[in-house]
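Working notes for the structure below.
2 protein chains.
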Amino acid sequence: MDKRINRRKLITLLGGVAGAGAVATLAARAEQVVPAAASPLQKVPWPYQPLDAEAAAQRGFDGYYKGECMYGTFEAVVGQLTEKLGAPYKDFPFWMMRYGAGGIKGWATVCGALNGAAAAVQLVSPEPDPVINSLFEWYEHTALPNVQVMNAKFAEIRSVAQSPLCHVSIHSWTKVAGKGPYSAERSERCGRITGSVARQTILLLNAQAAGKPVAFALTAQTKGCMSCHEKGGAVENIRTKMDCAGCHSPQLAKHPKV
Amino acid sequence: MDKRINRRKLITLLGGVAGAGAVATLAARAEQVVPAAASPLQKVPWPYQPLDAEAAAQRGFDGYYKGECMYGTFEAVVGQLTEKLGAPYKDFPFWMMRYGAGGIKGWATVCGALNGAAAAVQLVSPEPDPVINSLFEWYEHTALPNVQVMNAKFAEIRSVAQSPLCHVSIHSWTKVAGKGPYSAERSERCGRITGSVARQTILLLNAQAAGKPVAFALTAQTKGCMSCHEKGGAVENIRTKMDCAGCHSPQLAKHPKV
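Heads up: the sequence lines are chains A and B, in that order.
Per my numbering, residue 271 is the first one in the first sequence, and the count goes up by one each step.
Per my numbering, residue 271 is the first one in the second sequence, and the count goes up by one each step.
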């Protein structure tokens, strides 16, 4: 097979990725239909009211030191709703979210702050997909952490993770910071990341609740990769929304021209 | 720095990784202590009774076609407990687990079947870490899917994921099966994976409830990598339990001798 594709084909495919937003929105609405036999509380979304994003930054940071990253973001969002609304939130088993620490029990898969935020969004949003997509893309490409917190011991050092994965995110930071993955500085950085993700989650949920658009776009480079490798592409051998270069930069350097 | 390390240093480090099990067990017990101000139901674990692992295989497969992978494993475990025990499970928002589909909304991070299983284990186990660690390691190195289900349309084709990540797991299967990542065959494979993970989760939970040991061991190759790159190693630049070669085989091929 010719490894080059022509410009027209590439533009068509990129248009397909961009246009997928409208279809995804419809799918997001359809998916919040729960099986008929379930009890009322098994259904989602549970009620939402606009929350304090700046308070969530500190609450997420503090929560990290109680139950780590996944617990921290989940509690910073859903704990606020518990205080505002009581039931049904007051009986949710918050401590369950402890499992996502370190990318699930130290396996370093998805960043626990993102895992907890995604769970919270699905619990409280009538249309969770745009919020979660926007949050993940923001996490990949924003210099983080980006919140001021009280009781921090070290100066804030930011890095761009270029991936939603725990061990890639941590590695990107340790390279910039010159601190080890088991250092107290790295731990505090993950506390600040928990606060940063909690804040951003609430900014997005509040925007959605106010009827504002919640945007999400792949980078031009990732769109380029996906124009061949994702659905409808000439190769079509992958399913993902992750930034490709975050992990595959060695392969990209050797990639044939398109 | 000399890139070789001597044999004594290597053995000491490998011993450190193996001996970490006892420390991890103590940490697992300590972590199930919930903040004092929480309501009784916010605490975990919720009560557990031995469940039917073989029934969970079919239930996970069927659940995948209702709410996809994360919902499928979670419901196959916690749905059984709801039928046995009623409260507090009957009011849990099961449909929240929909968020993990496709490695969280198609981002292809952690396999949703594992994400749902880990959430269920933390909810019901007095000592979740050994169960989750054993489950993840089993998922990485077992030819899956490995359960018989009714109403399947295609022949079962197995592959070894060598990673807990969605897109790596799917890619390993598409290479063996010769089917695309958006094919109906791949979708059915993920349904069977959901059933396989639900079954294995219950086998491990039942074993733990019966007082049997729940084992977990890294592969010799990954132990070798971690002897330098993980905590206490000469390089110490990573935090993970994932199989290194699942993603880093190109780097391993060029790695200096140790």
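Note that beta-carbon positions come from the ideal geometry of N, C-alpha and C, so glycine has one too.
Remember, it's a predicted structure, so these values are computed and weren't measured experimentally.
Practice task
Only counting runs of 4 or more residues, tell me where the alpha helix (DSSP H) segments fall wholly within the region 355-414 of chain B, in order along the chain.
Solution key: 382-394, 398-411
Practice task
Helix, strand or coil for residue 435/A, going by three-state DSSP, please let me know.
Solution key: Numbered from 1 along the first sequence, position 165 holds the residue referred to as residue 435/A. It is a strand residue.
Problem - residue 391/B beta carbon less than 8 Å from that of residue 402/B - result: Locating residue 402/B in the second sequence gives position 132, counting from the first residue. Locating residue 391/B in the second sequence gives position 121, counting from the first residue. Yes.
Problem - Cβ-based burial, residue 522/B [other Cβ within 10 Å; buried from 16] - result: For the purposes of this step, residue 522/B is taken as the residue at position 252 of the second sequence. In summary, residue 522/B is exposed, with fewer than 16 beta-carbon neighbours lying within 10 Å of its beta-carbon over all protein chains present.
Practice task
Label residue 519/B either buried or exposed according to how many other C-beta atoms from any shown protein chain fall within 10 Å of its C-beta, with 16 as the threshold for buried.
Solution key: Here residue 519/B corresponds to residue number 249 of the second sequence, with the count starting at 1. Around the beta carbon of residue 519/B, a 10 Å sphere encloses fewer than 16 other beta carbons of the protein chains shown; the residue is thus reported as exposed.
Exercise for the section: Give the interface partners of residue 403/B over in chain A, defined as CB-CB distance under 9 Å, in chain order. Expected result: What you label residue 403/B is simply residue 133 of the second sequence in a count that begins at 1. What residue 403/B touches in chain A: 375, 376, 377.
Problem - 7 Å Cβ cut-off: residues of chain A touching residue 444/B - result: As a first step, residue 444/B is located in the second sequence; it is residue number 174 there, counting from the start. The contacting residues are 507.
Exercise for the section: Report the partner residues of residue 429/A according to the DSSP bridge assignment. Expected result: Against the first sequence, residue 429/A aligns to sequence position 159. DSSP, once it has assigned bridges, lists 414/A as partnering residue 429/A.
Exercise for the section: Give the residues of chain B in contact with residue 513/A, contact being defined as C-beta atoms less than 7 Å apart. Expected result: Indexing the first sequence from 1 puts residue 513/A at position 243. The premise fails here: residue 513/A is roughly 10 Å from chain B at the closest Cβ pair, so nothing lies under 7 Å.
Practice task
Could you tell me how far apart the beta carbons of residue 330/B and residue 468/B are, in whole angstroms, since I believe they sit closer than 8 Å?
Solution key: Counting from one through the second sequence, the residue named residue 330/B turns up at place 60. Counting from one through the second sequence, the residue named residue 468/B turns up at place 198. The C-beta distance from residue 330/B to residue 468/B rounds to 3 Å, short enough to meet the 8 Å contact threshold.
Handout entry: Residue-chain proximity (residue 301/A, chain B), Cβ-Cβ < 8 Å
Key = Taking the first sequence and counting its residues from 1, the one referred to as residue 301/A is at position 31. Low local confidence applies: a pLDDT of 46 at residue 301/A is under 50, so the model's placement there is unreliable, and no value is given.
Problem - Residue burial classification, residue 493/A (beta-carbon count within 10 angstroms, cutoff 16) - result: Residue mapping note: residue 493/A aligns to position 223 of the first sequence, counting from 1. Counting Cβ neighbours within 10 Å, residue 493/A comes out buried, since at least 16 surround it.
Problem - Cutoff 6 Å; reference residue 465/A; Cβ partners in own chain excluding five residues on either side - result: Along the first sequence, read from residue 1 onward, the residue named residue 465/A stands at position 195. Cβ within range, chain order: 327, 330, 331, 417, 419.
Handout entry: Through-space distance from residue 471/A to residue 347/A, alpha-carbon basis
Key = For the purposes of this step, residue 347/A is taken as residue 77 along the first sequence, with counting starting at 1. For the purposes of this step, residue 471/A is taken as residue 201 along the first sequence, with counting starting at 1. Between residue 347/A and residue 471/A, the C-alpha separation is close to 8 Å.
Exercise for the section: Quick one: give me the first and last residue of the alpha helix (DSSP H) that residue 523/B is part of. Expected result: Numbered from its first residue, the second sequence carries residue 523/B at position 253. Its alpha helix (DSSP H) spans residues 515-523.
Exercise for the section: Can you have a look at residue 382/B and say buried or exposed, based on whether 16 or more other CB atoms are within 10 angstroms of its CB? Expected result: To locate residue 382/B, count along the second sequence from 1; it is residue 112. Classification of residue 382/B: buried, given that the 10 Å Cβ count is 16 or more.
Practice task
Would you give the residue range spanned by the alpha helix (DSSP H) that residue 467/A belongs to?
Solution key: By one-based count along the first sequence, residue 467/A stands at place 197. Residue 467/A -> alpha helix (DSSP H) spans 454-479.
Practice task
Examine the Cβ distances between the region 498-506 of chain B and the region 448-455 of chain A and report whether three or more of them are shorter than 8 Å.
Solution key: At 8 Å Cβ cutoff, the stretches touch.
Handout entry: C-alpha distance - residue 436/A paired with residue 512/B, whole-angstrom precision
Key = Reading the first sequence from its first residue, position 166 is the one you call residue 436/A. Reading the second sequence from its first residue, position 242 is the one you call residue 512/B. For residue 436/A and residue 512/B, the distance between alpha carbons rounds to 11 Å.
Problem - Three-pair Cβ contact test at 8 Å for the region 477-493 of chain B versus the region 438-446 of chain B - result: no
Exercise for the section: Could you name the residues of chain B that residue 517/A contacts, counting a contact when the two beta carbons are closer than 8 Å? Expected result: If you number the first sequence from 1, residue 517/A lands on position 247. The contacting residues are 517.
Handout entry: Segment contact, 8 Å Cβ cut-off, at least three pairs: the region 357-371 of chain B with the region 333-347 of chain A
Key = no
Problem - Cut-off 7 Å between Cβ atoms - residues of its own chain near residue 495/A, not counting five sequence neighbours on either side - result: The residue given as residue 495/A occupies position 225 in the first sequence. Excluding sequence neighbours, residue 495/A sits near 514.
Problem - Pairwise C-alpha distance: residue 349/A and residue 525/B - result: Residue 525/B sits at position 255 when you count from the first residue of the second sequence. Residue 349/A sits at position 79 when you count from the first residue of the first sequence. The straight-line gap from Cα to Cα measures roughly 47 Å.
Practice task
With 8 Å as the threshold, decide whether the Cβ of residue 343/A is near any Cβ in chain B.
Solution key: To locate residue 343/A, count along the first sequence from 1; it is residue 73. False, the Cβ-Cβ gap to chain B never drops below 8 Å.
Problem - Extent of the continuous alpha helix (DSSP H) run through residue 491/B - result: Taking the second sequence and counting its residues from 1, one reaches residue 491/B at position 221. Residues 490-499.
Handout entry: Proximity winner among 364/A, 342/A, 324/A, 423/A, relative to residue 310/B (alpha-carbon distances)
Key = By one-based count along the second sequence, residue 310/B stands at place 40. Checking every option, the nearest Cα to that of residue 310/B belongs to 364/A.
Practice task
Could you name the residues of chain B that residue 450/A contacts, counting a contact when the two beta carbons are closer than 8 Å?
Solution key: The sequence position of residue 450/A within the first sequence is 180, counting from 1. For the C-beta of residue 450/A, the chain B residues within less than 8 Å are, from N- to C-terminus, 506, 507.
Practice task
Kindly list the residues whose CB is nearer than 7 Å to the CB of residue 271/B, restricted to its own chain and excluding five residues on each side of it in sequence; keep chain order.
Solution key: By one-based count along the second sequence, residue 271/B stands at place 1. Any reading at residue 271/B needs caution, since the residue's pLDDT is 31, under 50, leaving its predicted position unreliable; the model's value is listed next. So no residue of the chain qualifies.
Problem - Neighbourhood of residue 322/A by C-beta distance below 8 Å, restricted to the same chain and skipping five residues each side - result: Here the question's residue 322/A lines up with position 52 in the first sequence. For residue 322/A, where only same-chain residues beyond five positions count, the Cβ hits under 8 Å are 350, 472.
Practice task
Could you name the residues of the same chain whose beta carbon sits closer than 6 Å to that of residue 314/A, not counting the 5 residues immediately before and after it, in chain order?
Solution key: By one-based count along the first sequence, residue 314/A stands at place 44. Here the set comprises 393.
Exercise for the section: Kindly say whether residue 365/B, judged by its beta-carbon, lies nearer than 8 Å to any beta-carbon of chain A. Expected result: Your numbering for residue 365/B matches position 95 in the second sequence. Yes, residue 365/B counts as interfacial toward chain A.
Exercise for the section: Assuming residue 516/B and residue 433/B form a contact by the criterion Cβ under 8 Å, report the distance between their Cβ atoms to the nearest whole angstrom. Expected result: Here residue 516/B refers to the residue found at position 246 when the second sequence is read from its first residue. Here residue 433/B refers to the residue found at position 163 when the second sequence is read from its first residue. The Cβ separation is near 4 Å, so the contact holds.
Practice task
Check the Cβ of residue 362/B against every Cβ in chain A and list those closer than 7 Å, keeping chain order.
Solution key: The sequence position of residue 362/B within the second sequence is 92, counting from 1. 312, listed in chain order.
Problem - Pick from 316/B, 317/B, 319/B, 333/B that is closest to residue 461/B, judged by C-alpha positions - result: For the purposes of this step, residue 461/B is taken as residue 191 along the second sequence, with counting starting at 1. The shortest C-alpha separation from residue 461/B is found at 333/B.
Practice task
With DSSP as the reference, label residue 512/A as helix, strand or coil.
Solution key: As a first step, residue 512/A must be located in the first sequence, where it is residue number 242. Here residue 512/A sits in coil by DSSP.
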